[in-house]
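Novice:
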Amino acid sequence: MSVPVGDRSPQPGRGRWLLLLTLLVVGAHLLLTHWAGSALRGMGEAQALERMEAAFITELRPTAPPAVPAAAAPAAPPKPAAVPARPASAASAAEPTPAVEPVPPEAASVPPLADTQAADAGASAPGLASSASAPASAPEAAATAVAAASAASAVGGGDLLEIASFRWPPSTRLSYTLTGWVRGEVHGSAQVGWLREGARYQVQLDVLVGPRVAPLVQRHMTSDGDITAAGLVPRQYEESTETVFGRPRRNRMNFGPEQLQLANGNWVAKLPGVQDTASQFVQLSWLLSSQPQRLLVAGGSVELPLALPRRQDPWVYEVVGMETLDTELGAIDTWHLRPRREGDPSTLSVEAWFAPSLQYLPVRIVIRQDEDNFVDLLIEKLPQQALAGVGPASSPAR
């Protein structure tokens, strides 16, 4: 005799409740994730480095920089002064006296110290620099430069900050056309902004891959710090990367008097004169402008310590030589510098071409990941500048 088996088919009411409960749990997780992401983004925005802004209303026209004079040939030593002959009667009556020592040639050929330093100062005046009277000694020159930087920092605005014989330009913006190959052909645009208010500066580097209205990739880099007698001294550096399919990423570094905090939070000893990814271009412009006789020599080198988000290294840029670039502005004579990074394929290579006729600003920048992947930034229009003495405003960083 068989025993009837009950109906085991799922009950419609129970299935609907399970589905509703699942949807509620998933919805709660989505809301929690959205809230947490919004909170984290809000914290990041609150801590973002505040960017300065300026009204760029004039154009920087190319000008012929003063030629770097060759070193003057040493003066010929003068002939020794002749000793006047004594009369015979006096010579026979007086005791013999020692002959007058001639003036040493090296002493006679050395010009006065003030004249020498004035000549050196005039010979090294760059296209971006303005003439200034030379101090009497090296310690006095350093003291004068430090005093000028301190005074400008205390004033906070007004005339251009002048350090020794070098004058920093007003806020300037350069615009570039971007081409290259990164796992495929890429196009875009880029801008480098130099903003300053008294003795404070910012260098802003923005790179957009894709159309300007809807870029596929955006990277914004900001260096914030002080202008000193030794050039730029970064205090903070921040970079952010945004993609259409990914989550925004932000790295930040802090520069102390003797230590540097990398993006991972670790503190390391700071190398003297260290720069960051954005400030390096303006620091190189300053070095080339203020020391053309020493640095602008084909085959020479320029040392520049560089702090990247995860490491700090002493970099050496090789001076390749003079090159003429064909740009939208016409032919521009430039000095080509490239980093010496043998045996380190993990580090990006950044080459730059600096134009003496445009205040030694970089008119071309090539960033190479390897032999096949690179982006090439070439100036597309004349640099734009703000009026001298007009301080920029501040705005939240992107």
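Numbering (UniProt numbering), first residue to last: 1 to 398.
Don't be surprised by glycine CBs; every beta carbon is placed ideally from N, CA and C.
1. Look at the alpha carbon of P211 and the alpha carbon of A190, and state the distance between them as a whole number of angstroms.
2. Could you tell me whether any non-hydrogen atom of the ligand NAP is closer than 7 angstroms to the CB of P257?
3. Taking DSSP as the reference, what is the three-state secondary structure of F56?
4. Can you grab the Cα-Cα spacing for the pair Q293 / S171, in whole Å?
5. Assign T334 to one of two classes, buried (16 or more other C-beta atoms within 10 Å of its C-beta) or exposed (fewer than that).
6. Going by alpha carbons, who is nearest to D226 out of Q275, S349, A307, L178?
7. Roughly how many whole angstroms lie between the Cα atoms of L378 and T327?
8. Going by Cα to Cα distance, which pick from P272, W168, G184 is closest to G197?
9. Tell me the rounded alpha-carbon separation between E53 and S175.
10. Cα-Cα, which of P314, V217, T324, K270 is closest to F245?
11. Which word fits A64, buried or exposed, when buried means at least 16 other C-beta atoms lie within 10 angstroms of its C-beta?
12. Counting C-beta neighbours from all protein chains within 10 Å, is the total for residue 399 16 or more, i.e. buried, or is it exposed?
13. With F281 as the anchor, note down where its alpha helix (DSSP H) starts and where it stops.
14. According to DSSP, what are the bridge partners of G188?
15. Return the Cβ separation of A386 and A55 in integer angstroms, given the expectation that the two are a contact with Cβ distance under 8 angstroms.
16. To which residues of the same chain is E303 closer than 7 angstroms at the C-beta, ignoring the five residues directly before and after it?
17. Does the Cβ-Cβ distance between W286 and G231 come in under 8 angstroms?
18. Measuring CB to CB, does M253 end up less than 8 angstroms from P309?
19. Based on DSSP bridge pairs, tell me the residues matched to E303.
20. Using alpha carbons as the reference points, say which of P234, R183, M322, E351 lies closest to A199.
21. Less than 6 angstroms between C-beta atoms, sequence neighbours within five positions excluded: which residues of the same chain meet that for T277?
22. Ignoring anything shorter than 3 residues, give me the beta strand (DSSP E) runs that lie fully in the region 322–370, in order along the chain.
23. Which residues share a DSSP beta bridge with S171?
24. State the CB to CB distance for the pair F281 and V192, rounded to an integer number of angstroms; the pair is presumed to be in contact (CB under 8 angstroms).
25. What does DSSP give as the partner residues of A269 in its beta bridges?
26. Once you ignore the five residues that flank D206 on each side, which residues in its own chain have a CB closer than 6 angstroms to its CB?
27. Given a cut-off of 8 angstroms, decide if P62 and S290 are closer than it, judged by their beta-carbon atoms.
28. Quick check: what's the CA-CA separation for R173 versus Q283?
29. Only counting the same chain, and skipping five residues up and downstream in sequence, which positions put a Cβ closer than 8 angstroms to that of G312?
30. Within its chain, find whatever has a CB closer than 7 angstroms to the CB of L288; leave out the 5 residues flanking it on each side and keep chain order.
31. Taking Cβ to Cβ, would you say D372 is nearer than 8 angstroms to W181?
32. With which residues is V375 paired in a DSSP beta bridge?
33. Cutting at 6 angstroms between CB atoms, please list the residues of its own chain near R340, excluding the five before and the five after it.
34. For the beta strand (DSSP E) holding T241, just list the boundary residues, first then last.
35. Between E238 and the rest of its own chain, which residues show a CB-CB distance below 6 angstroms, the 5 nearest in sequence each way excluded?
Specialist: Here's the rundown:
1. Here residue 211 refers to the residue found at position 211 of the sequence shown. Here residue 190 refers to the residue found at position 190 of the sequence shown. Cα to Cα, the separation comes out at about 11 angstroms.
2. Absence of the ligand NAP from the depicted structure is noted, as is the absence of any ligand whatsoever, leaving it without description.
3. By 1-based counting over the sequence shown, the position of residue 56 is 56. Here F56 sits in coil by DSSP.
4. Here residue 293 refers to the residue found at position 293 of the sequence shown. Here residue 171 refers to the residue found at position 171 of the sequence shown. Q293 and S171 have their C-alpha atoms spaced approximately 27 angstroms apart.
5. Within the sequence shown, the letter at position 334 stands for residue 334. Taking every protein chain shown into account, the CB of T334 has 16 or more other CB atoms within 10 angstroms, so this residue is buried.
6. The residue you call residue 226 lines up with position 226 of the sequence shown. Ranking the options by Cα distance to D226, first place goes to Q275.
7. The residue given as residue 378 occupies position 378 in the sequence shown. The residue given as residue 327 occupies position 327 in the sequence shown. Roughly 7 angstroms between the two C-alpha positions.
8. For this step, residue 197 is matched to residue 197 along the sequence shown. It is Glu, not Gly, that sits at residue 197 in the sequence shown. Of all alpha-carbon atoms in P272, W168, G184, the one lying nearest the alpha-carbon of E197 is that of W168.
9. Within the sequence shown, residue 53 is the residue found at index 53, counting from 1. Within the sequence shown, residue 175 is the residue found at index 175, counting from 1. Within the model, the alpha-carbon separation for E53 versus S175 is close to 16 angstroms.
10. Here residue 245 refers to the residue found at position 245 of the sequence shown. The option with the nearest alpha carbon to F245 is V217.
11. As a first step, residue 64 must be located in the sequence shown, where it is residue number 64. Burial call: exposed.
12. Outside the displayed span of the chain (1 to 398) sits residue 399, for which this structure offers no information.
13. Position 281 of the sequence shown, counting from 1, holds the residue named residue 281. It spans 279–290 - the alpha helix (DSSP H) in which F281 sits, taken as one unbroken run.
14. As a position in the sequence shown, residue 188 is number 188, starting the count at 1. Note: G188 sits in a beta bridge opposite L178, V209.
15. To locate residue 386, count along the sequence shown from 1; it is residue 386. To locate residue 55, count along the sequence shown from 1; it is residue 55. Yes, they are in contact, since the Cβ atoms of A386 and A55 sit about 6 angstroms apart, within 8 angstroms.
16. Locating residue 303 in the sequence shown gives position 303, where the first residue counts as 1. Excluding the 5 residues flanking it on each side, E303 has same chain C-beta neighbours closer than 7 angstroms at P314, V316, in chain order.
17. For this step, residue 286 is matched to residue 286 along the sequence shown. For this step, residue 231 is matched to residue 231 along the sequence shown. With a cutoff of 8 angstroms on beta-carbon distance, W286 and G231 are scored as near each other.
18. In the sequence shown, residue 253 corresponds to position 253, counting from 1. In the sequence shown, residue 309 corresponds to position 309, counting from 1. With respect to the 8 angstroms criterion, M253 and P309 are classified as neighbours on the basis of their beta carbons.
19. Counting from one through the sequence shown, the residue named residue 303 turns up at place 303. According to DSSP, E303 bridges with V316.
20. As a position in the sequence shown, residue 199 is number 199, starting the count at 1. It is P234 whose Cα lies nearest to the Cα of A199.
21. Here residue 277 is taken as the residue at index 277 of the sequence shown, counted from 1. Counting only residues of its own chain and dropping the five nearest sequence neighbours on each side, T277 has a CB closer than 6 angstroms to the CB of M221.
22. Fully enclosed beta strand (DSSP E) runs of 3 or longer: 330–339, 349–355, 361–368.
23. Position 171 of the sequence shown, counting from 1, holds the residue named residue 171. BP columns for S171 are empty, so no partner.
24. As a working mapping, residue 281 is identified with position 281 in the sequence shown. As a working mapping, residue 192 is identified with position 192 in the sequence shown. 7 angstroms between Cβ atoms; contact.
25. The sequence position of residue 269 within the sequence shown is 269, counting from 1. Answer is Q259.
26. For the purposes of this step, residue 206 is taken as the residue at position 206 of the sequence shown. So the list reads Q191, H220, once near-sequence residues are dropped.
27. For the purposes of this step, residue 290 is taken as the residue at position 290 of the sequence shown. For the purposes of this step, residue 62 is taken as the residue at position 62 of the sequence shown. It is not a contact, given that the beta carbons lie outside the stated cut-off.
28. Counting from 1 along the sequence shown, the entry for residue 173 is found at position 173. Counting from 1 along the sequence shown, the entry for residue 283 is found at position 283. Cα to Cα, R173 sits roughly 16 angstroms from Q283.
29. Counting from one through the sequence shown, the residue named residue 312 turns up at place 312. Inspection of the sequence shows that residue 312 is occupied by Gln rather than by Gly. Closer than 8 angstroms at Cβ, skipping near neighbours: L260, L262, V268, K270, L271, V274, P305, L306.
30. For the purposes of this step, residue 288 is identified with residue 288 of the sequence shown, where counting begins at 1. Excluding residues within five positions, the ones whose Cβ falls inside 7 angstroms are L295, L296, W335, F354, Y360.
31. What you label residue 372 is simply residue 372 of the sequence shown in a count that begins at 1. What you label residue 181 is simply residue 181 of the sequence shown in a count that begins at 1. Their beta carbons are under 8 angstroms apart, which means D372 touches W181 by this criterion.
32. Position 375 of the sequence shown holds residue 375. DSSP lists G180, I367 as the bridge partner or partners of V375.
33. Your numbering for residue 340 matches position 340 in the sequence shown. Sequence-distant Cβ neighbours of R340 in its own chain, meaning closer than 6 angstroms and more than five residues away, are V316, E318.
34. Locating residue 241 in the sequence shown gives position 241, where the first residue counts as 1. If you look at T241, you'll find it in the beta strand (DSSP E) that goes 231–243.
35. For the purposes of this step, residue 238 is taken as residue 238 along the sequence shown, with counting starting at 1. Excluding positions up to five away in sequence, the list reads L49, T222, R252.
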